[in-house]
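Everything on this sheet refers to the single structure shown next.
Residue numbers (my numbering): 20 to 343.
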């Protein structure tokens, strides 16, 4: 027996470790790196697999007024709907290889579409309005993630993933650099606000909208960046700063959301990483598949929905998400 410990001593030690873990409110899929993370966890809340069998899921968005989650199954060219009452159903097929989604100030669905290389809005009557499909006379690449500010401005990232192959869109020539854009809520003008990214991806505002977090997933194709940068949001949507906020390991930061306290919940190869407003990783939710994106929803915004490769998961938390 290692270290001269008897079997009953080892059993007692393991039992004590398990008790301590329970006392901290941590289940086997939670991994705390800071004591504050244990305050976000509900000790009896399981990580539930809600549905599976997809190819690559992305873009979760919660519709509380309909008690449902919408998300993309990109390679299968469809938007799916999950609700606790009815499970999985098809919301839109084909979806133009949609990726990220959000809701605007009027509760309408705003979507990034790889196939049409545009950002669209679904009106309440079901018609589609094109928000942006070009910049400076050239076609966008393949809009990836999108957020809406409280002033109604639409911000989106435009990497090349959807035109690099036929798997998530249509292979095509790249006409523009991979930028982040802002669409003015009054004029509809599309403006490039960030032009120094390799592959801009996930976007998130701090709760007060004074900070913008942007993921760079260049490492998906090379040894390029795999970090999150943070910018100060100034008057009229002008940005300053841009320091590296946090580097994700393992994998890359893809989609991300903030909670009511300003912590950032980011996708990663091993699950979801929770990062404090000062850039420290507080802990992880371990997920058995590579995570692509997350969103808060459910009753009072305490449920974290997770899109992960072929499946969607959910876990209830003690902390509330910041739902715009």
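By construction, the Cβ of each residue, glycine as well, lies at the ideal position given by its N, Cα and C atoms.
Member of the options whose CA lies at the smallest distance from the CA of residue i
i           : options               : result
residue 339 : 257, 319 and 189      : 319
residue 286 : 222, 230 and 254      : 222
residue 200 : 273, 334 and 172      : 172
residue 237 : 246, 230, 229 and 231 : 246
residue 170 : 205, 154 and 153      : 205
residue 149 : 260, 157, 123 and 140 : 140
residue 273 : 86, 159, 147 and 176  : 176
residue 137 : 119, 127 and 97       : 119
residue 65  : 323, 330 and 197      : 323
residue 235 : 265, 47, 202 and 278  : 265
residue 296 : 55, 48 and 47         : 55
residue 155 : 210, 132 and 102      : 210
residue 334 : 343, 269, 60 and 255  : 60
residue 90  : 225, 314 and 300      : 314
residue 275 : 326, 96 and 162       : 326
residue 308 : 142, 270 and 341      : 270
residue 219 : 126, 179, 132 and 228 : 179
residue 303 : 316, 267 and 215      : 267
Status (buried if at least 16 other CB within 10 Å, exposed otherwise) for residue i
i           : result
residue 115 : buried
residue 208 : exposed
residue 181 : buried
residue 151 : buried
residue 262 : exposed
residue 41  : Low confidence applies to residue 41: its pLDDT is 38, below 50, so where it sits in the model is not reliable enough to give any reading.
residue 184 : exposed
residue 344 : A question about residue 344 goes unanswered here, because the residues of the chain that appear run from 20 up to 343.
residue 47  : exposed
Residue i, DSSP secondary structure in three states
i           : result
residue 58  : helix
residue 232 : strand
residue 325 : strand
residue 160 : coil
residue 304 : strand
residue 181 : helix
residue 255 : helix
residue 261 : strand
residue 282 : coil
residue 93  : helix
residue 171 : coil
residue 71  : coil
residue 320 : helix
residue 83  : coil
residue 237 : helix
residue 197 : coil
residue 33  : Confidence at residue 33 is low in this model, with a pLDDT of 30, below 50, so the placement of that residue should be treated as unreliable; the coordinate-derived value is given next. Of the three classes helix, strand and coil, the one that applies to residue 33 here is helix, per DSSP.
residue 66  : coil
residue 274 : coil
Inter-residue CB distance, residue i and residue j (contact presumed, cutoff 8 Å)
i           : j           : result
residue 306 : residue 290 : 4 Å
residue 79  : residue 88  : 6 Å
residue 99  : residue 82  : Residue 99 to residue 82, Cβ: 13 Å. No contact.
residue 258 : residue 231 : 7 Å
residue 128 : residue 331 : So it is not a contact: roughly 17 Å between Cβ atoms.
residue 52  : residue 336 : No, residue 52 and residue 336 are not in contact; Cβ-Cβ is about 16 Å, not under 8 Å.
residue 329 : residue 62  : Actually they are not in contact, since the Cβ atoms of residue 329 and residue 62 sit about 28 Å apart, beyond 8 Å.
Secondary structure, beta strand (DSSP E): runs of 3+ residues fully inside the segment 118-149:
128-132 and 137-141
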